Amino acid sequence: RAIAAGVGAPPMVRDRVGGLMLLAARPARVGHLVDVGTIRGRISTIGIRVSTIHTSKGMDMLIPNSMLVEEKLINWTYSNHEVRWEIPIGVAYGSDVDQVTAILVAAAQAHPTILPQPAPLVLFEEFGDNALVFILRYWLRMVPGVDERRVASDLRYSILAALTAANIEIPFPQRQLHLAAGGPLEVRMVDERN
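Numbered by the numbering used here, the letters in the sequence shown go through residues 18 to 211 in order.
What follows is the structure in structure tokens.
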């Protein structure tokens with residue numbers, strides 16, 4: 018009945034119905050890390066009409082409860098605070114893939130925030146146009162104070178330093194142009210004033 022009453026109701030009524038649904042069904046609770054639309058943050062309060070999400074930028078966003086109930090809600094910590102993240106890394110063709118794998122795993126294991134179990138994992142993802150592409154998978158416990166973007170940045174710094182020290186190149190996109198000509202190419206100077 019609450020859903021039926023909320024669908025065609027005015028916004029204020031929908032928000033209150035949404036608040037009651039949040040409090041009763043508890044798809045999200047205070048302290049959970051959530052994505053709502055383009056907003057990511059931790060729920061700091063759940064009220065009757067609005068809830069507050071504290072973002073990583075330090076802002077408090079007031080979100081109508083109807084938005085939390087009716088729109089796509091990703092709750093990163095609903096049943097478990099451990100979340101898997103991954104970083105793609107491309108290295109030059111001809112690189113020692115075993116050495117690359119060891120470097121990536123070592124970088125993840127050395128980071129104090131990355132969980133030792135499940136252990137970091139490296140996948141040889143594909144033979145890319147310009148690089149051998151690897152994926153580094155690792156797990157974080159998403160508790161307050163853990164910023165997944167900061168961890169990813171730390172990893173990129175340490176991976177770049179380790180690859181550089183091992184003389185393993187991270188390539189950039191390159192294109193080769195081949196001209197098919199049966200003989201010499203004609204080159205002419207053109208006077209654009211005429």
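We put the CB at the ideal spot given by N, CA and C, even for glycine. It should be emphasised that the depicted structure is a prediction, and the values quoted were computed from it without experimental measurement.
Nearest neighbour of residue 149, chosen from 113, 134 and 85 [CA to CA]:
113
Range of the contiguous beta strand (DSSP E) that encloses residue 131:
Neither: residue 131 is in no beta strand (DSSP E) and is coded neither H nor E.
Can you tell me whether DSSP reads residue 180 as helix, strand or coil?
Three-state result, residue 180: helix.
Whole-angstrom distance between residue 154 and residue 135, CA atom to CA atom:
10 Å
Note down the Cα distance separating residue 166 from residue 99, rounded to an integer number of angstroms.
Rounded to the nearest angstrom, the two C-alpha atoms are 15 Å apart.
Should residue 67 and residue 44 be called a contact, given that it needs their Cβ atoms to be closer than 9 Å?
no
What three-state label does DSSP hand residue 19 in the structure shown?
Confidence at residue 19 is low in this model, with a pLDDT of 42, below 50, so its placement is unreliable and no value can be given for it.
On the DSSP bridge assignment, give the partners of residue 143 in chain order.
150
Here's the rule I'm using: 16 or more other beta-carbon atoms within 10 Å means buried, otherwise exposed. How should residue 56 be labelled?
exposed
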